[in-house]
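J.:
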Amino acid sequence: MTNYNVITPDIIWLKIEQIELILSAIDQDDLQLKAKLEAELEYWSDQLFGSW
Numbered sequence: 041m042t043n044y045n046v047i048t049p050d051i052i053w054l055k056i057e058q059i060e061l062i063l064s065a066i067d068q069d070d071l072q073l074k075a076k077l078e079a080e081l082e083y084w085s086d087q088l089f090g091s092w
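So for the sequence shown, the working numbering puts the first residue at 41; every next one is plus one.
#1: Could you check what DSSP says for Y83 in three-state terms: helix, strand or coil?
#2: Between I62 and L77, how many whole angstroms is the CB-CB distance? I'm expecting something under 8 Å.
#3: Note the first and the last residue of the continuous alpha helix (DSSP H) segment covering Q68.
#4: Assign I56 to one of three DSSP states: helix, strand, or coil.
#5: In angstroms, rounded to a whole number, what distance separates the CA positions of P49 and G90?
Structure, rendered in structure tokens:
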């Protein structure tokens, strides 16, 4: 049976790329959305690379 809840490095890279794409496309004046996306980007980066 396949476990679809497993988060692999490839999936994390895809999440990071998606967030970066959204950040590049949103209105940079929307500070609340920008902050939320940057926090999510930091979370997934920490998951991939660990906290430095």
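Built from N, CA and C at the ideal position, the CB exists for glycine as well. From a predicted model like this one, the values you see are computed outputs, not experimental measurements.
T.: To lay it out plainly:
#1: Collapsing the DSSP output to three states places Y83 in a helix.
#2: With a Cβ gap of about 6 Å, I62 and L77 count as contacting.
#3: Counted as a single uninterrupted DSSP element, the stretch harbouring Q68 is not any alpha helix (DSSP H), since DSSP gives it neither H nor E.
#4: Here I56 sits in helix by DSSP.
#5: For the pair P49 and G90, the Cα-to-Cα distance works out to about 12 Å.
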